[in-house]
Structure formats: structure tokens, C-alpha cells
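Peer 1: Chains as they are written, first to last, in my numbering: chain A, 9 to 163; chain B, 58 to 444; chain C, 637 to 904.
Even for Gly, the Cβ is constructed at its ideal location relative to N, Cα and C.
Nothing here was measured: the structure is a model prediction, and the numbers come from that model.
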Amino acid sequence: MYKGGKIITSLIIFVAFLTFPFFYNMGKANAGPDNLVANTKITANLQCVESTEYMKANHMQLLNQWRQAYVRDGQTEYTNSQGKTFDVNLNTCIECHATGATSHAVGLSNPAVKNVGVSNSSVNTSDQFCVSCHNYASVEPTCWSCHSGPGEATK
Amino acid sequence: MLEKALTGSKKYWAWIIFLLLVIAVGFMAYLRQFSYGLGLTGMSRDVSWGLYIAQFTFLVGVAASAVMLVTPYYLHDFKKFGKMVIFGEFLAVSAVIMCILFIFVDVGQPMRILNVLLYPQLHSVMFYDMCVLCGYLAINIVVGWTSLGAERKGIPTPKWVKPLIYLSVPWAFSIHTVTAFLYAGLPGRHFWLTAIMAARFLASAFAAGPSLLIILLLIVRKVSDFDPDPPGVGAIQSLVKIIRYAMIANVFFYICEVFTAFYSNVPDEMAAFKYVFVGLDGHTSLVPFMWTATFLAFLGIGLLVFPTRKNKVLLPIALLSIFFANWIDKGVVLIIAGFVPNSFGRVTEYFPTSNEISIVLGVYAIGFLLLTVLYKVAISVREEKAQ
Amino acid sequence: MSINRRQFLRRAGIVTALGLSGSVAVTGLRGKIVEAAAEAGYKTSSQALNAKHWAMVVDMSKFKTEDDFKKVAQSCVSIHNIPDFGNPKDEIKWIWEDDYEHTFSGGDNEYLTDSFKELPFVVMCNHCENPPCVKACPTGATFKKPDGIVDMDYHRCIGCRFCMGACPFGARSFNYRDPRPFIKKIDPDFPTRTPGVVEKCTFCVERLAKGQMPACVEASNGGLIFGDLDDPNSEVRKIVSTKYTIRRKTELGTQPSVYYLVGGGDHA
């Protein structure tokens, strides 16, 4: 192979770069979503906006639709498939999906500012509902940089 | 052909490394800006566009100027420009990429920039600006690279390139007209609200762009074996003619603007011109820039009008004067003075920060790096052919 | 292997294209929303206030001193989480006041009475009928609603600041830095904004949706009158059609919806 030595070496370095995230995070991934019920503030109104199955698959799309409806179309009420009406608002979610003590708290700054004192900044150590799944799926939605969420989720 | 940029003299590599260092500094500065916000620049609530957009505006003009080579050569069979056209096209590529980068560093939420294409608003001039800039970039890359590749192989350029070249002529006019329309359509900014904004933009572009191109070609002549204007051809002098009349037109348009503003005596019309020429309410930060530009403009025109233009020393001086006169006018004064006075008749001045200037230099370095690489490829191909 | 570069790139391209389309074919197109919510629907609240053309009248007879204005500004600042950076460069303001000479075009008149010269004119976004900012916005992040309000979608804004250049009234502010540390007390019922987006007064769309008047109107004690200009029985319509009102920079044709009541009867 012409210049084979350089090519093979560069390829090895390239593969090392590519797989770096896997090696760096090995052993640091969390166990997965758990304690979901414990991390929900159970109120009398136990029913979520839609069924659990639906929300598991589609909560992001639903949030996008809510955002479009509220901000751009001025529609503030959502009637779900069972005919129940909800306020189109993040607070509707936070009412239940917030760990008991702090239901609403002052949010922290833009996620561009990294967490202090956490060795792996992509692992959010909060016990809030959203965080347990999002950590596992390595998803960092930027909602809380503007919206006031439940206390710890915004870290 | 890109491998031709990987071989070069020690000076070549020293230049490349210098550019990479400037880019690295600019990049670190950008990371700071990305995490803190645009507050790290000198922009404010009143002066909401600054150096970044000003450089973008100037460079769109430089990019459009390639048409001044393409039109005579392809549309009017003016063969003298034959060896220079590729350098004009590559300069256009480098300039448009710098434009896009300046927009990227200026925007508050760069990660959302695709929203312009995802949610197109047909009434927004900025939407069209994005489209025409990307189109012009694509045209010039394709045309330049294909024709150079064909030249290297010693075969005629493929037939499908011709229509693209013809398309690039009105397209070049359009990119700068659309950019001018960004400013000329805003009802509240009287410094910009003028019908001849697009005409001024084009005239200054056709003076500044080719001036830069000739300087670059003189450098090419010095550092390589390839001469884009061999003795006896007179291509550079022909281009100088274009620059001369474009610059005269540009200065004439400016005088028209000044006349309308001051003879009509309408305060809103005069205010910004007062700010740049004599200062407004005691604020004078742009005055030295404006008078330097004025002096350089007349110096450049004078040197090009009189037979001194044939002089080997005075020609570069004339061209640099014209280039910097236009750079100051578009790249420093025009954008900032548009915001003076503000909507409440008050003056807020703008002073770029060092972080901001680092980013500007970094983007320019990226543009020059690209230009160097593309020119090296073109020169190497031609040197190779000459053997 | 005697394959040349072009052949290699061509083969790599084909394999990549096959791989991508294959993965799409195998897993199916994502984003198919489970149709459980087929009968779901969105609607406006029955309490919402509706109009064809929301407008505001600033009754200058009610704004004589700084204090008249302060409580108006404070109501907006507190419920909208408007930060105070402490410097005019990064300043964000949705509603503020300025004097006659600076607020209105052609406002300089050296023989104007001193009392008129010092009147605090409350200024905010004019929610123009022909808003140049909406025309300029390349993403539709600022848009005109059917009820006349020029609204902001902070999710879509890319922060290009073209709207700020287009606005002839200086009504818009940009988040040059993170606002959160500079908000006195964050109201959790309204989002803050991130750095990199433009913001302005939105005639309290969120309050109108719940049947409430804009906060500044409530706090102004009759100084700000808000209503539907299209409704012949509304107070704003009655004032504008019978008394002497002025608007900012009307020669520009943007048709502002904020009127200043300066004449007629016992006014100014």
C-alpha cells in the first residue's frame, strides 16, 4: 500500500478519536430510569395528559405541538383523547412531575455554563422525574434555560 | 488537485502556520463569546450590528467583483483576462465563505440558523440573502474547480459549465443588490434609506474587489513561476480601467448622497452624515475614519487617472488606497453610522472589544487560508502545464 | 489494490447511501405519531379576551411625574422577568419613558412649554399595523397575530437582530448575556429568556389569553387605556375618534397602535 504506514497509523488514531466518548463514559452510565413513581408528586388528579404508553413514545412531539399551539396560534387549552381538558402550559406537567418538596423554584442559568463539581457534566445528579430518563438516554433538552422548572431538573 | 496545496516552500508553510495560529486565537475568542453571549462585543441595544455584519457587507462586494472578470472574458470574448478569471472566482469563493462565517459568529443562536430554511419567510430580505449567497458559493466552486480540472487535463471545459458561468453574471449582481436591500428597505434608518444604496454597493464592490485581486496577482507573480498577466497582454491595465471608473462612480454617488442630505437641510437626513464627517453631539469616533477614507479615495482615483498608474510602485499604492477607502466606508462606517442617531435622536457610540477583533481576524485568517490553498492549487496546475 | 481515488470515493459514496437508506427502510420512518390523540384538539380559553385590533391610548393627563410611570414599569418588569444589567449597553426594557423631543419625530421645538418638554411619555412596542420588524424577520420568530399584536416566539429566534434594525421606534432589546443572574425575583409563571434572542413588549398576550388586561394597564390607574380599536364601542375607539391624539413617526407608514392623548377637554 502506498504510504501504508502513515495511512494505517492515521486510521488507528482516527478510530481512537471516534470511539473516545464510549471509553470515557464507560462505567459511568447510570442504571436507567427508576423510582419514577417516587419522583412524582402524587396529587388527587392522578391522570396524565395522555396515556403512559402514548407519553413514553410521543411526549416530545406533544410538547412541540403544545408550544406551537400556545405561542403561535394562541390556543391555551388542550382536550385529550378522553375528552379531558388541560391548560397548555409546562406547569401542567410540573404539577405532578416534580419531586415533592420543591414544586417550583428559580431556575439556574443557561446549560452552556457547565455544572460545578460534577466529574462528568453530562450526568445530571438531580432526582427529578425528567432527569432520570434523560440521563439514561443522554438527552439534554434546553427547556430550563428559559422556563422555570422544578428545582433540581434545571441543574 | 487539492494535494497541490500540501507541497510548498518554507515561506508557504510559514504563512500557513501563521494563519492557523490566528485562526486558533480567533476560535478561542469565539468559544468565550459563545458561552457568555454577544455582550462580549461592543454591540449594544442601540447599535445592534457591528464589525461582524460590517465585514460581511464589505466581503459580499468583494465576492461579487469576480463578475468584472467573468463578464468581459465570457460574454465579450475579451481574451486578455483568460489567465486571471480563475483567481477571481477563487477570490469569490473565499469571500463568500468569510461572509457566511461572519453571519455565523454574529448570530445570537447559531445552532438555530437553519430555521431560516426550515421556516422560510418570503417577505424577508435576509432569507433571500442566505439563498443567493449559498447559490453563488456553489456556482463559483463548481465553475472554478471544473474549469481548472479540465485545464489540467488539457481538455476543453465540459459544455454544462457555460450556462453556469452565464448564470453567475446576474447572480453576482444579485448578491450585492440583495445585501444592499437589507439596509435600503428599513424605514427607520435614514442613513440607509436611499434608492442608490444598491448602486453605491455595486460601484464600491467593483472598485474594491478587483483592486484586491490585482494586489493578489502581483503577489502571485512574485512568489511563483506563473504570471497571470504576461508582458504585452495588458490584462491588469484593462482591469485598472474598470476600477478607475467604478471608483469614480462610487465617489460621485457618495457626493450625490451628501448633496441631498445637506442641501435639503432635513435633520433626519443630515444627522448621520454629520456624525461621520464632523461628529454629532460631541461624539466623533468615526470622524478620523471617514476623512481617511475620503483622502484615500481621491488619492486612489488621482493615481489611476494620471499616467502614474503604469508606475510599478504607484499602482499598488493606488489600488491599496482604493481598497482601504472602500473597506473603511463599508466595513467600518456604513453599518455603525446607520444606528446613529438612535430612534430617539440620541447618539450611542460603538467600540469593538478585543475579543470581537480576535474573532474578526480569525475569520479573515480562515478566508486567507482558503484563498492561499485555492491559489496554490491554481498556480501549481498552471506551472505544471507550463513544463 | 489498484483503485484510484475517484473510484474509491464513488464506491464509498454508494455504500454510504445504501447504508443510510437501508437503515431507514428497516426501522421505518421515525416520527410517526401514535394516533391515540386523534380526537385531541386545541382551542382558546373561553375566558380569553378577543379583538380585531388591540390598541392602547396613553392618557398624558394621568402621567405628570416620575412616580406615575414607575409603578407601570415595575408591573411589567416583575411579571416578565426583565433583567436589570445596570448598564445601558446590555439594557433590556419593554416599557419605559422619554421626553417629547426624543419620542416624537420633529419633536424639537425650542419654544415648547417647559412642562410639556418634561412630560414623561410612556413608550413601548407600538404593535404597528404594518410592522417593518415582522417583514424583516427571516424565520417568522416575530409575527403579527390576527388580533393585531406583534408577538415574539423565543424558540424560533436566531438572534440575527434584523428586527432591531428595522424597528423605527427602538422598541426591541437583545439578550447580550444571560439574564437570569440579573433578575430581581424570578416569577416562575413566565419564562425568562436565553442569551441570543430578541425580546419586546407583547401587550401581555399571556394575560389576555386568561381574560386579564395587560399588567401596565392595570397598574396605571387609568393612565393607560387598552381596547379593541375595531370595536366602535370601545373606550380606545371613542377617544381616538373624538379627541386629539398623536402617534410616533406616522410619516413612516407603519401605523402604530399606541396613541398619546394630548389634547381635547381637560387634557395636557
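Any Cβ of chain A within less than 8 Å of the Cβ of Pro774(C)?
Peer 2: no
Peer 1: Can you tell me whether Pro892(C) is buried or exposed, with buried defined as 16 or more other CB within 10 angstroms of its CB?
Peer 2: By the neighbour-count rule (16 or more Cβ atoms within 10 Å), Pro892(C) is buried.
Peer 1: Taking only three categories from DSSP, how would you classify Gly899(C)?
Peer 2: strand
Peer 1: With a threshold of 8 Å between beta-carbons, can Arg797(C) be considered close to chain A, or not?
Peer 2: no
Peer 1: When we look at the beta-carbon of Lys122(A) and count the other beta-carbons within 10 Å, is it buried (16 or more) or exposed?
Peer 2: Reliability of the predicted coordinates at Lys122(A) is poor, the pLDDT of 36 falling under 50, and the value obtained from them is presented with this limitation in mind. Its Cβ having fewer than 16 others within 10 Å, Lys122(A) is exposed.
Peer 1: Assign Cys712(C) to buried or exposed, taking buried as 16 or more other Cβ atoms, counted over all protein chains shown, within 10 Å of its Cβ.
Peer 2: buried
Peer 1: Spell out whether any CB of chain C is found under 8 Å from the CB atom of Val79(A).
Peer 2: Val79(A) belongs to the set of residues whose beta carbon lies under 8 Å from a beta carbon in chain C.
Peer 1: What are the residues that DSSP puts in a beta bridge with Lys917(C)?
Peer 2: Nothing about residue 917(C) can be read from this structure; chain C reaches only from 637 to 904.
Peer 1: Report yes if the CB atom of Pro409(B) is closer than 8 Å to the CB atom of Gly99(B), and no otherwise.
Peer 2: yes
Peer 1: For chain B, find out if any of its Cβ atoms is closer than 8 Å to the Cβ of Phe810(C); answer yes or no.
Peer 2: For Phe810(C), the answer is yes, since a Cβ of chain B falls inside 8 Å of its Cβ.
Peer 1: Can you pull the chain C neighbours of Phe401(B), defined as C-beta to C-beta under 8 Å?
Peer 2: Asp734, His738, Thr739 and Gly806
Peer 1: Since His105(A) meets chain C, which of its residues come closer than 8 Å, beta carbon to beta carbon?
Peer 2: Going along chain C, no residue has its Cβ under 8 Å from His105(A), so there is no contact; the nearest lies around 15 Å.
Peer 1: Which runs of the beta strand (DSSP E), 3 residues or longer, sit entirely within the stretch 852-902 of chain C?
Peer 2: 860-864, 880-882 and 894-899
Peer 1: Below 8 Å on C-beta distance, what does Pro827(C) contact in chain A?
Peer 2: Residues of chain A passing the Cβ test: Cys154, His155 and Ser156.
Peer 1: Using the three-state DSSP reduction, which class does Ala691(C) fall into: helix, strand or coil?
Peer 2: strand
Peer 1: Can you tell which of Glu727(C), Trp732(C), Thr680(C) and Asp814(C) has its C-alpha closest to the C-alpha of Thr93(A)?
Peer 2: Thr680(C)
Peer 1: Going along chain C, which residues have a C-beta under 9 Å from Glu148(A)?
Peer 2: By Cβ distance, chain C contributes nothing, its closest Cβ being about 14 Å from Glu148(A), past 9 Å.
Peer 1: Is Asn640(C) close to chain A? Criterion is C-beta to C-beta, closer than 8 Å.
Peer 2: no
Peer 1: Could you confirm whether any beta carbon from chain B is found closer than 8 Å to the beta carbon of Ile819(C)?
Peer 2: no
Peer 1: Run down chain A in chain order and give the residues with a C-beta less than 7 Å from the C-beta of Gly847(C).
Peer 2: Going along chain A, no residue has its Cβ under 7 Å from Gly847(C), so there is no contact; the nearest lies around 11 Å.
Peer 1: Between Ile198(B) and chain C, is there a C-beta pair that is closer than 8 Å?
Peer 2: no
Peer 1: Have a look at Tyr432(B) and Ile154(B) and give me their C-alpha separation to the nearest angstrom.
Peer 2: Taking the straight line joining both Cα atoms gives about 15 Å.
Peer 1: Any idea what DSSP makes of Tyr144(A), helix, strand or coil?
Peer 2: helix
Peer 1: Is the CB-CB distance between Ala435(B) and Phe147(B) below 8 Å?
Peer 2: yes
Peer 1: Is there a Cβ of chain B sitting closer than 8 Å to that of Ile731(C), yes or no?
Peer 2: no
Peer 1: Against chain B, with Cβ distances strictly below 8 Å, would Lys753(C) count as a contact?
Peer 2: no
Peer 1: Scan the stretch 187-264 of chain B and note each continuous alpha helix (DSSP H) run of 4 residues or more that stays entirely inside, going in chain order.
Peer 2: Fully enclosed alpha helix (DSSP H) runs of 4 or longer: 218-241.
Peer 1: Beta-carbon of Thr84(A) versus every beta-carbon of chain C: anything under 8 Å?
Peer 2: yes
Peer 1: Can you tell me which of the three DSSP states Ala674(C) falls into?
Peer 2: With a pLDDT of 43 at Ala674(C), under the threshold of 50, the modelled position of that residue is not reliable, and no figure is offered here.
Peer 1: Between which two residues does the alpha helix (DSSP H) containing Met125(B) stretch?
Peer 2: Val124 to Val127
Peer 1: Could you have a look at Lys679(C) and say whether DSSP puts it in helix, strand or coil?
Peer 2: Lys679(C) falls in the strand class under three-state DSSP.
Peer 1: Assuming Ala121(B) and Ala260(B) are in contact, meaning their beta carbons sit under 8 Å apart, how far apart are those beta carbons, in whole angstroms?
Peer 2: The Cβ separation is near 11 Å, so there is no contact.
Peer 1: Met800(C) and Arg792(C) - do their beta-carbons sit closer together than 8 Å?
Peer 2: no
Peer 1: Assuming Asp286(B) contacts Leu274(B) (C-beta within less than 8 Å), just tell me the rounded distance between them.
Peer 2: Asp286(B) to Leu274(B), Cβ: 7 Å. Contact.
Peer 1: Can you list the residues of chain A that Ser893(C) reaches, using a CB-CB cut of under 8 Å?
Peer 2: Correct list: empty, because the minimum Cβ distance to chain A is about 17 Å.
Peer 1: Name, please, each residue of chain C whose Cβ falls closer than 8 Å to the Cβ of Gln178(B).
Peer 2: Cys773, Pro774, Thr775 and Gly776
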